[in-house]
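Here the structure comes first, spelled out in structure tokens, and everything after it is commentary.
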Ligand SMILES: C[S@@+](CC[C@H](N)C(=O)[O-])C[C@H]1O[C@@H](n2cnc3c(N)ncnc32)[C@H](O)[C@@H]1O
């Protein structure tokens with residue numbers, strides 16, 4: 001939890017309590033339904049919560065912004081972002097019911113009022129948002145094809161509406177088809193832990 005405060009020092013007491021509660025909640029739920037590799041649950045705050053918040057280092061969503069997390073699994077990056085941006089609406093979807101159950105239970109347990117969840121494939125979700133966020137779901141080109149229908153025309157942020165995803169490792173190949181539209185930000189610019197050495201935030205604006 002200290003690692004969250006290290007990089008986000010101005011959290012309110014409510015946000016601190018919500019982040020704090022994630023440790024026990026995920027440890028408990030993960031023992032019943034696997035949403036995080038069991039070997040990695042000890043690294044929850046660094047590898048999952050802080051990693052999710054990497055998106056907040058490239059954009060501070062304005063109040064009223066609507067965001068969909070595609071393939072949220074147990075709630076990453078959607079839940080940490082929903083804690084950080086309480087006035088932004090987050091819609092978290094995943095095709096696997098058991099994972100969405102964990103996400104829903106965690107959101108309810110910490111009293112998040114700005115989160116809706118849905119078990120569905122992204123192909124079926126027709127609602128529109130300013131941004132779609134995603135971590136570890138599918139290659140960039142596939143994501144872009146899938147989410148175009150979900151991006152609304154109306155803008156309300158400094159950054160135009162589009163896709164923001166968290167990626168790791170070698171990206172050259174994936175980026176190639178969209179290299180002229182993609183902006184890649186290294187998370188080492190913000191987070192000093194070794195885990196982030198290969199981690200990037202990729203933003204692609206989507207014009208309607
Ligand atoms: C590797 S997990 C990542 C989960 C979470 N984003 C995280 O980083 O912890 C990928 C998730 O994407 C979901 N998924 C893959 N394709 C999907 C689709 N077309 N629609 C909805 N969910 C999808 C899977 O069910 C799975 O939960």
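Residue numbers (UniProt numbering): 1 to 208. By construction, the Cβ of each residue, glycine as well, lies at the ideal position given by its N, Cα and C atoms. Since the model is a prediction, treat every value here as computed from it, not as a measurement.
Give every residue of the same chain whose Cβ lies closer than 6 Å to the Cβ of residue i, excluding the five residues on either side of it in the sequence, and list them in chain order.
i           : result
residue 25  : 106, 109
residue 141 : 177
Who does residue i pair with in a DSSP beta bridge?
i           : result
residue 120 : BP columns for residue 120 are empty, so no partner.
residue 69  : 92, 133
residue 185 : 201
residue 164 : 133, 203
For residue i, which residues in the same chain have their Cβ closer than 7 Å to its Cβ, ignoring the five residues on either side in sequence?
i           : result
residue 62  : 156, 157
residue 47  : 40, 195
residue 204 : 144, 162, 163, 178, 181, 182
residue 153 : 208
Take residue i as the anchor and find which of the options has the nearest alpha-carbon.
i           : options           : result
residue 118 : 49, 95, 37        : 95
residue 195 : 40, 206, 133      : 40
residue 186 : 58, 36, 162, 19   : 58
residue 84  : 4, 152, 116, 132  : 4
residue 52  : 206, 172, 165     : 165
residue 123 : 7, 116, 150       : 150
residue 135 : 152, 126, 93      : 93
residue 171 : 87, 104, 182      : 182
residue 65  : 159, 147, 72, 173 : 159
residue 125 : 115, 18, 146, 167 : 146
residue 133 : 82, 2, 32, 7      : 82
residue 16  : 76, 45, 28, 167   : 45
residue 167 : 193, 99, 148, 137 : 137
So is the beta-carbon of residue i under 8 Å away from any non-hydrogen atom of ligand 1?
i           : result
residue 156 : no
residue 131 : no
residue 148 : no
residue 139 : no
residue 198 : no
residue 33  : no
residue 105 : no
residue 76  : yes
residue 153 : no
residue 53  : no
residue 81  : no
residue 193 : no
residue 56  : no
residue 136 : yes
residue 101 : no
residue 112 : no
residue 127 : no
Return the chain-ordered list of same chain residues with a C-beta closer than 8 Å to the C-beta of residue i, the five sequence neighbours on each side being excluded.
i           : result
residue 20  : 1
residue 174 : 139, 140, 141, 167
I believe residue i touches residue j by the beta-carbon criterion, under 8 Å. Please report the beta-carbon distance rounded to the nearest angstrom.
i           : j           : result
residue 206 : residue 121 : Actually they do not touch by this definition, with Cβ atoms about 20 Å apart.
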